[in-house]
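Everything on this sheet refers to the single structure shown next.
Numbering (our numbering), first residue to last: 16 to 263.
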């Protein structure tokens with residue numbers, strides 16, 4: 016018999032492949048992930064998302080070329096891909112750098128995100144009659160939370176929301192969410208790394224799953240809007256006089 020723990024462990028073991036697949040899709044390098052440009056783009060994107068590169072930090076093409084054992088040309092191409100996705104800024108006559116965000120832009124992104132996931136909830140409740148795959152994702156979130164694994168929980172939550180979009184079965188809605196994808200991942204990690212409460216997040220998503228199972232469209236939509244507002248409030252605390260301040 017398969018238990019909840021067995022399901023969560025199985026889902027957790029698949030995370031690296033699923034994260035790789037997600038990042039290659041959002042970067043537009045699906046089918047090119049084995050190419051040097053695709054590999055560099057995915058790895059640098061993950062470095063930025065997981066904060067091994069700080070917002071606004073320089074991305075030295077010489078050091079990156081050395082790291083990947085290549086010339087600067089593939090590195091430049093990869094950085095241009097990341098620029099198109101809003102992850103990297105390439106100022107004239109200056110080194111590329113990891114993108115910085117203003118409070119205004121973050122507020123706009125999170126307002127939109129809350130409304131988009133409210134729509135996801137509405138479509139999911141209307142169309143998805145089998146929630147077993149989403150139950151598995153939620154179980155994996157719980158398993159990561161029980162270990163105190165913030166990084167693992169972060170990616171399990173990302174995959175939970177990916178599966179929600181799949182079950183909502185609205186291609187235009189999914190494509191719209193994808194346009195925010197990498198920037199939202201970066202912002203969510205910034206917030207998580209500074210005091211994200213796993214127990215609160217897990218409890219919020221447990222209520223969301225209950226609303227999905229009870230086919231309560233209004234509650235599910237309201238929960239998604241509320242979670243986006245709460246996340247935005249945490250991110251705003253990272254700014255002093257509209258300037259991002261890295262906090263421990």
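A virtual CB, placed ideally from N, CA and C, is assigned to each residue, including glycine.
All values reported here derive from a predicted model rather than from experimental measurement.
Using DSSP with H/G/I as helix, E/B as strand and the rest coil, what is residue 63?
The answer is helix: DSSP assigns residue 63 an H, G or I state.
Using three-state DSSP, classify residue 231 as helix, strand or coil.
In the structure shown, residue 231 sits in coil (DSSP, three-state: anything other than H, G, I, E or B).
Between the CA atoms of residue 107 and residue 144 - distance to the nearest angstrom:
Each residue's alpha carbon lies about 52 angstroms from the other.
Can you give the Cα-Cα distance for residue 256 and residue 164, rounded to whole angstroms?
Taking the straight line from one Cα to the other gives about 32 angstroms.
Quick check on residue 113: does DSSP put it in helix, strand or coil?
Three-state DSSP puts residue 113 in a strand.
Residue 176 burial status per 10 Å Cβ neighbour count (16 or more: buried)
Residue 176 should be labelled buried.
Backbone CA spacing between residue 198 and residue 228 [nearest angstrom]
In this structure, the alpha-carbon of residue 198 lies about 30 angstroms from that of residue 228.
Can you find the residues in the same chain that come closer than 6 angstroms, C-beta to C-beta, to residue 249, ignoring five residues on each side of it along the sequence?
Closer than 6 angstroms at Cβ, skipping near neighbours: 206.
Kindly indicate the opening and closing residues of the alpha helix (DSSP H) around residue 201.
Residues 186 to 207.
When the Cβ atoms of the segment 89 to 98 are set against those of the segment 215 to 225, are three or more pairs found closer than 8 angstroms?
As far as the Cβ criterion goes, the segment 89 to 98 does not touch the segment 215 to 225, which means the pair count is below three.
Close-in-space but distant-in-sequence residues of the same chain around residue 96 (CB under 8 angstroms, 5 per side omitted)
42, 43, 44, 52 and 56.
Using a 10 Å radius around the Cβ and a threshold of 16 neighbouring Cβ atoms, would you call residue 171 buried or exposed?
By the beta-carbon neighbour count (other beta carbons within 10 angstroms, threshold 16), residue 171 is buried.
Indicate whether residue 182 and residue 139 have their beta-carbon atoms separated by less than 8 angstroms.
For the pair residue 182 and residue 139, the CB atoms are nearer than the 8 angstroms cut-off.
Taking only runs of the alpha helix (DSSP H) that begin and end inside the segment 122 to 165, which ones reach a length of at least 4 residues, in chain order?
Correct list: 147 to 161.
Within its chain, find whatever has a CB closer than 7 angstroms to the CB of residue 63; leave out the 5 residues flanking it on each side and keep chain order.
Here the set comprises 102, 113 and 201.
Beta carbon of residue 74, beta carbon of residue 111: below 8 angstroms?
In this structure, residue 111 lies closer than 8 angstroms to residue 74 by Cβ.
Compute the beta-carbon to beta-carbon distance between residue 239 and residue 133, rounded to the nearest angstrom, for a pair I have assumed lies under 8 angstroms.
Right, their Cβ atoms sit about 5 angstroms apart.
Under a Cβ-count criterion, where at least 16 other Cβ atoms within 10 Å of its own Cβ denotes burial, should residue 246 be classed as buried or exposed?
Residue 246 should be labelled buried.
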